[in-house]
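Worksheet: one structure, shown below.
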Amino acid sequence: MTSLKTVNNFLGKKRLAIVGVSRNEADFSRGLFREFQKQGYDVVPVNPGLTQVEGLTCYPSVEHITPPVEGVLIMTAPAVTNQVVEDCARAGVKLVWMHKGGGSGAVSQTAIAFCQKNGIEVIEGQCPYMFLPSSSGFVHRIHATVKKLTGSYPR
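In the working numbering, the protein residues as written are 580 to 734.
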C-alpha cells in the first residue's frame, strides 16, 4: 500500500511531468494538469501525439524532457504504463504516481514490479486531487473521506 510519506514526497517536488495529458481540454487529465499549475508546480505535459498543451511544449516521452523532472504522474492505460516506467528509469526518474480515480486507472502490476526492481518509488492507485492542498472540488474531499473510513487512504 502507498504511504502518505511517499505521497507527500511526490507533492513536495516542484517539477513534475504528467504523462497521458489529453488533447481534449475538458478531459480529466487536463483539469488535473491545470490544478497542478494553479498550485505553483512546474508541470511538463507528455503525450507523443501532441506538440503543445496549455501553451507549453508537450514532449513525446519523459526521456526527452529538459531539464529533467523530479517525479512523473502517469495517466495512461495500464499497458502503456509499462513502457512509461521503463522510460522513467532511462531518464533517471525515481518517483512515479500511477493515477487511479474512477475506472481502471494507470496501475499495472508489471510496471510496479519493474519500479521495485529498479529503485523507483511508486504511488499506486490514488487520485492526486485528494491530497493537493486547497484543491477545488467537493467530490475529491468526499473521495478522500470514504477512503479514510474504509482504511484505503495512505497512512
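Heads up, the beta-carbon is just placed ideally off N, CA and C, and yes, glycines get one too.
If you're wondering where the values come from, they're calculated on a predicted model, not measured in any experiment.
Cβ atoms of residue j and residue i: under 8 Å apart, would you say?
i	j	result
residue 586	residue 693	no
residue 644	residue 596	yes
residue 703	residue 674	no
residue 697	residue 668	yes
residue 635	residue 627	no
residue 676	residue 639	no
residue 581	residue 705	yes
residue 589	residue 650	yes
With DSSP as the reference, identify every bridge partner of residue i, one or two as the case may be.
i	result
residue 677	653, 703
residue 620	According to DSSP, residue 620 bridges with nothing at all.
residue 595	622, 650
residue 636	631
If residue i sits next to residue j, beta carbons under 8 Å apart, how far is it from one beta carbon to the other, in whole angstroms?
i	j	result
residue 598	residue 641	7 Å
Using the Cα positions of residue i and residue j, report the straight-line distance between them to the nearest angstrom.
i	j	result
residue 671	residue 664	10 Å
residue 603	residue 609	7 Å
residue 631	residue 613	14 Å
residue 679	residue 583	16 Å
residue 629	residue 712	29 Å
residue 616	residue 622	6 Å
residue 600	residue 691	21 Å
residue 593	residue 618	10 Å
residue 637	residue 683	25 Å
residue 620	residue 734	24 Å
Validate contact between the stretch 650-661 and the stretch 682-692 using beta carbons, cut 8 Å, 3 pairs: The stretch 650-661 makes contact with the stretch 682-692; the number of CB pairs closer than 8 Å reaches 3 or more.
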